[in-house]
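Visitor: Using numbering that gives the first Met the number 0, count along the sequence shown one by one with no gaps and you end on 420. Right, I'll just put the structure down here and ask away after.
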Amino acid sequence: MRIRPHLLVAAAALAMALSIAHAAPKIGPDDVVVLDRWVRAVRTHVPGRVDDALAGVAALTYDDRQHLNEALDAFFSGMSHARAGTAIDDADRAAQLGTEAARSPGANAFLERAAVLHADAVIFAARLPSPPPDSRDDDGAQLVSAADGEYEGTMHPSWHWTFGRELLDRIAPRPAADPFVARWYHAMIAYLFSGARYGEAAPLLRSAAVLLPDNASILFDRACLSETLGSPQVQSVLNDPRARPVSPARDEPGRELTPVVPIGERQANADAEALFRHAIDADGSLVEARVRLGRLLLIRGRDAEAATMLAQAVTTARDPAVAYLAHLLAARAATRLGRLDEADAHTDAALALFPGAQSALIAKSYVALQRADAAGALDPINRLAQRDSRVASRDPWSEYYLGAGRDSTALLSDLRSSIGH
């Protein structure tokens, strides 16, 4: 089975391709033209759709983005402090655009729409035009592509993520107090996880950790990323000398993205365990956090504690995929503790949820081996061999490192429908 390809962050920190201005630059007519185009795109884009507004933002050149950057301070000033009267110069015109946005749809609603617009520019990148390559875009930040635990090459991250984050930083009175902000981060991280684009998710999670340190969903996402960093396929790339900053290559549509940072398996798992515990403290209903914490306890050899944690997860899981994982890991814990009847019951429960799932069939075979039951060990393997290859058998274990990415479609839909509410 081929492991999903990944991309890993090779730079220590991602530099932004476009930084929202904080100085007071001199604004020219070209700056206002680009600003006006951007404001119209934010207003007219239908979230979740590929439309002309989205295409226009996706096609912004480096020069376009510099023009936009020059005008943003005045725009945000007008958004915060209404400008009345006739525009005298280009700065006034930029400020008036901000005042109009504050009036309709409202300052926060505009910022929310803008953040979703720029996220959509990444989500639908394969269906959108892209600006011509520009050497000035090379800021040294890069992502490392890997597949099957093997280094493949490097590429650039997208500037849209950083821009979107900084837009949300302007939500009043405090971005952390607006539920939309946490919803945006969680949905975007889920989308990136769904494509194994962990390298792009890492800087979002760093920002979210500062902004929302006790948010249960963000804690869970951070824990899942740390857990992924400790996985064998990522560790093999982390230890590859080629996965260090080198001359960046251009992004390629459809590649999947993971973060190359100097962290070992033990430290990554320890970080994940602490974060899962924090997430459970923040929200005791996070069953999947208990399941994943149980797995980490098994890795550390704390089998009895893992069994207790997983027993609670088994009884409370409502999502079939989470329940499957709970039963599969509970079977592992029970096997280690010599409770083979209990382990067998867990594998049967997992197969009842996902008939034909490879990981549960292998687990059932392993339990039989512990009993020296040759026939019982062969039966699940024969069932696996006899599966119709034309009929896909879903196995949640193969999706384990997606985390919230399993629910990305629903989370994105909920986010888009919540703008301005």
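The beta-carbon is built from N, C-alpha and C at its ideal position, and this holds for glycine as well. Please read all numbers here as calculations on a predicted model, not as lab measurements.
For Ser206, which residues in the same chain have their Cβ closer than 6 Å to its Cβ, ignoring the five residues on either side in sequence?
Guide: Taking the first residue of the sequence shown as 1, we reach residue 206 at position 207. Around Ser206: Arg164.
Visitor: May I ask you to verify whether the segment 102–118 touches the segment 43–55, counting CB pairs closer than 8 Å and requiring at least 3?
Guide: At 8 Å Cβ cutoff, the stretches touch.
Visitor: In angstroms with no decimal places, state the Cα-to-Cα distance between Ala444 and Ala316.
Guide: Past the boundaries of the shown model lies residue 444; the chain is included only from 0 to 420, so the question cannot be answered.
Visitor: Thinking just about the alpha-carbon of each residue, which of Leu218, Arg241, Gly77, His80 is nearest to the one in Ala273?
Guide: Translated into the one-based positions of the sequence shown, residue 273 becomes position 274. Comparing Cα positions, the closest option is Leu218.
Visitor: Helix, strand or coil: how does DSSP classify Leu142 here?
Guide: Here residue 142 is taken as the residue at index 143 of the sequence shown, counted from 1. It is a strand residue.
Visitor: Which residue wins for smallest C-alpha separation from Gly404, given the options Arg126, Tyr190, Ala384, Ala373?
Guide: Within the sequence shown, numbered from 1, the residue matching residue 404 stands at position 405. The candidate whose alpha carbon is nearest that of Gly404 is Tyr190.
Visitor: So, for Leu350: in the same chain, excluding its five sequence neighbours on each side, which residues have a beta-carbon less than 8 Å away from its beta-carbon?
Guide: As a working mapping, residue 350 is identified with position 351 in the sequence shown. Counting only Cβ-Cβ distances below 8 Å, and skipping sequence neighbours, we find Ala356, Ala359, Leu360, Lys363.
Visitor: Rounded to the nearest angstrom, how far is the Cβ of Gly293 from that of Ala322, given a contact under 8 Å?
Guide: Within the sequence shown, residue 293 is the residue found at index 294, counting from 1. Within the sequence shown, residue 322 is the residue found at index 323, counting from 1. With a Cβ gap of about 13 Å, Gly293 and Ala322 do not count as contacting.
Visitor: By the 10 Å Cβ neighbour count, where 16 or more other Cβ atoms means buried, how is Thr227 classified, buried or exposed?
Guide: To locate residue 227, count along the sequence shown from 1; it is residue 228. When all chains shown are included, Thr227 counts as buried.
Visitor: Using CA atoms only, rank isn't needed, just tell me which of Ala70, Tyr197, Ala181 is closest to Pro212.
Guide: Within the sequence shown, residue 212 is the residue found at index 213, counting from 1. Pro212 has its Cα closest to that of Ala181, out of Ala70, Tyr197, Ala181.
Visitor: Measuring CA to CA, which of Val290, Arg92, Ala215, Arg338 is closest to Pro28?
Guide: Here residue 28 refers to the residue found at position 29 of the sequence shown. Considering only alpha carbons, the answer is Arg92.
Visitor: Say whether the segment 59–76 touches the segment 26–46, bearing in mind that this needs 3 or more beta-carbon pairs closer than 8 Å, one atom from each stretch.
Guide: Touching, yes, given that three or more Cβ pairs across the two stretches are closer than 8 Å.
Visitor: What are the uninterrupted segments assigned as alpha helix (DSSP H) that are 4 or more residues long and contained completely in the segment 345–400, given in chain order?
Guide: Entirely contained in the segment 345–400, the alpha helix (DSSP H) runs reaching 4 residues are, in chain order, 357–369, 373–384.
Visitor: Identify the residues that DSSP records as bridge partners of Met154: which are they?
Guide: Counted from its first residue, the sequence shown places residue 154 at position 155. Paired residue(s): Leu142.
Visitor: Which first and last residues belong to the alpha helix (DSSP H) in which Leu116 is found?
Guide: On the sequence shown, residue 116 is found 117 positions in, with the first residue counted as 1. First-last of the alpha helix (DSSP H) with Leu116: 106–122.
Visitor: Which residues in the same chain have their Cβ closer than 8 Å to the Cβ of Pro174, if we skip the five residues on either side of it in sequence?
Guide: As a position in the sequence shown, residue 174 is number 175, starting the count at 1. So the list reads Leu167, Asp168, Val180, Leu210, once near-sequence residues are dropped.
Visitor: Can you check which of these residues, Asp282, Glu287, Ala269, is closest to Leu295 by C-alpha distance?
Guide: Along the sequence shown, one-based indexing puts residue 295 at 296. It is Ala269.
Visitor: Reducing DSSP to helix, strand and coil, say where Val284 ends up.
Guide: Along the sequence shown, read from residue 1 onward, the residue named residue 284 stands at position 285. Strictly speaking, residue 284 in this sequence is Ser, with Val absent from that position. The answer is coil: DSSP assigns Ser284 none of H, G, I, E or B.
Visitor: Taking its Cβ as the centre, do 16 or more other Cβ atoms sit within 10 Å of Pro128, making it buried, or is it exposed?
Guide: Position 129 of the sequence shown holds residue 128. When all chains shown are included, Pro128 counts as exposed.
Visitor: Throw me the rounded Cβ distance for the Leu285 and Ala215 pair, which I believe falls under 8 Å.
Guide: Start at 1 with the first residue of the sequence shown, and residue 285 comes out as number 286. Start at 1 with the first residue of the sequence shown, and residue 215 comes out as number 216. Their Cβ separation, rounded to whole angstroms, is 6 Å, which keeps Leu285 and Ala215 in contact under 8 Å.
Visitor: Using the beta-carbon count (16 or more within 10 Å), is Ile87 buried or exposed?
Guide: The residue you call residue 87 lines up with position 88 of the sequence shown. Its Cβ having fewer than 16 others within 10 Å, Ile87 is exposed.
Visitor: For Asp462, which of Val56, Pro319, Leu368 has the nearest alpha-carbon?
Guide: With the chain represented from 0 up to 420, any question about residue 462 goes unanswered, as that position is not in the structure.
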